[in-house]
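Residue numbers (full-length UniProt numbering): 1 to 291.
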């Protein structure tokens, strides 16, 4: 019986060792590249970014636990730390999944707009923020235009909100206060819009002269209440990513938005049709991999 136990322990060790080398090979191959994955989490947003030096960033977490399954596929099992979480705004389809992430990972930095919402999901978020701060001394920052976040050789710029929204409570349209950020890596750029509406797009357009980006995360899941043509023309993306679920009750993306994107020559990719959408950049070119 003793030899069987020893054999079993050796087998487990070899399996762990082989898993380690598989992940190491993946990471070695990824050096010099940045990966941006638009997770298919149903009707919501969750975007995972890994820089060329292994910094990990998560923008939003979708409506439930599915984000954990996605992270487990893209982060090795021994790595329980995420460098930065960005919560664009506290609607459940962006926030709920982050509550699960905070319970399962150690977070170094959290950036959000500070906007409060009178929901149980938001109350859970506040509790989780307090626990994370106490446990890991997490750096929690309120987003505001002009902030610059460097992660390896990639840089985030915060374009919106224009003002500090901490302690404010929005009982109606919380979408308009979404954090808008632009990621630069070499000659490539990604624009993440959260759920902003057309009015906010116009404000951003007035304040920013350079919105051009190769990759656009389309605002509000392709809603016609966002994505006005003048804004889309200014961004002029090669790829437009829409995160939504199949047969969603809002009928996202709206047909008129798809027509606007087609008119400006953007290739539309959708999580409801394409699953997880992975974009790999070497700083000059972007490759698209779909699950």
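The C-beta atom is built at its ideal place from N, Cα and C for all residues, glycine as well.
At a Cβ-Cβ threshold of 8 Å, residue 217 and residue 192 count as neighbours.
Just so you know, the alpha carbons of residue 209 and residue 77 end up roughly 43 Å apart.
Below 8 Å, enough C-beta pairs join the segment 84-98 and the segment 48-60 to call them touching: three or more. The secondary-structure analysis by DSSP pairs residue 96 with nothing; it has no beta-bridge partner. Around the beta carbon of residue 262, a 10 Å sphere encloses fewer than 16 other beta carbons of the protein chains shown; the residue is thus reported as exposed.
Shortest Cα-Cα distance from residue 224 to any of 197, 81 and 239 involves 197. Beta-bridge pairing by DSSP links residue 80 to no other residue.
The three-state secondary structure of residue 239, taken from DSSP, is strand. Taking 8 Å as the upper bound for CB-CB distance, residue 85 and residue 107 are in contact here, some 5 Å apart. By the Cβ test, the segment 260-277 is in contact with the segment 239-251, since at least three Cβ pairs between them sit closer than 8 Å. The closest CA to that of residue 184, considering only 247, 52, 44 and 244, is found on 52. Counting C-beta atoms within 10 angstroms of its own C-beta, residue 177 has 16 or more neighbours from the protein chains shown and is therefore classed as buried. The three-state reading of DSSP puts residue 155 in strand, counting E and B together.
Within the same chain, Cβ atoms closer than 6 Å to the Cβ of residue 50 are found at 35 and 56, the five residues on either side in sequence being excluded.
Between residue 244 and residue 265, the gap from beta carbon to beta carbon reaches 8 Å or more. Here residue 289 is exposed, its C-beta having fewer than 16 other C-beta atoms within 10 Å. Counting C-beta pairs closer than 8 Å gives three or more between the segment 108-119 and the segment 138-152, which meets the contact rule. In the structure shown, residue 72 adopts helical secondary structure according to DSSP, grouped into three states.
Every alpha helix (DSSP H) stretch that sits fully inside the segment 168-228 and reaches 4 residues is listed by chain position as 198-207. Rounded to whole angstroms, residue 138 and residue 174 show a C-alpha spacing of 25 Å. In terms of Cβ geometry, residue 92 and residue 121 form a close pair [threshold 8 Å].
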